[in-house]
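A short write-up of the structure that comes next.
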């Protein structure tokens, strides 16, 4: 799992906490991290929360990574949610319609509960 993106386990939920800008250069590390969590047969997770509190920018590549992770999670019966995006990032997610597909919560604890529901 890439060391650039911190991952914390909380029971059966993995909290992924990228920071800074998520663009064409940095989004592949997020994709690798999420793939490693969602495809790990030896230590499966019940849910994944992508905590965007420290993300200052998100482009279309980031959105693509989130959608791909959502599909992988859904196909494996794993909950996935986005938590605490900054206003500019949230605005992009809403404009792109991501909020219609992926649960987005302002509170990471609420997002954690959502992925376990």
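Residue numbers (the UniProt record's numbering): 1 to 117.
Glycine included, every Cβ here is placed at the ideal spot set by N, Cα and C.
Every value quoted in this text rests on a predicted model; they were computed, and no experiment measured them.
One or two residues paired with residue i in a DSSP bridge
i: residue 19; result: 54
i: residue 10; result: 13
i: residue 4; result: BP columns for residue 4 are empty, so no partner.
Residue from the options whose Cα sits closest to the Cα of residue i
i: residue 101; options: 112, 110 and 68; result: 68
i: residue 88; options: 70, 21, 72 and 16; result: 21
i: residue 58; options: 82, 12, 9 and 115; result: 82
i: residue 85; options: 76, 98 and 75; result: 98
i: residue 61; options: 53, 96, 103 and 105; result: 96
Separation of residue j from residue i, as counted between CA atoms
i: residue 119; j: residue 42; result: With the chain covering 1 to 117 only, the question about residue 119 has no answer from this structure.
i: residue 64; j: residue 78; result: 18 Å
i: residue 71; j: residue 38; result: 10 Å
i: residue 11; j: residue 26; result: 28 Å
i: residue 40; j: residue 32; result: 12 Å
Counted within 10 angstroms of its Cβ, other Cβ atoms place residue i as buried (16 or more) or exposed
i: residue 112; result: buried
Residue-level contact to chain C via CB, residue i, 8 Å cutoff
i: residue 111; result: Note that chain C does not occur in the displayed structure, where there is just one protein chain.
C-beta contact flag for residue i and residue j at 8 Å
i: residue 115; j: residue 50; result: no
i: residue 16; j: residue 34; result: yes
i: residue 93; j: residue 48; result: no
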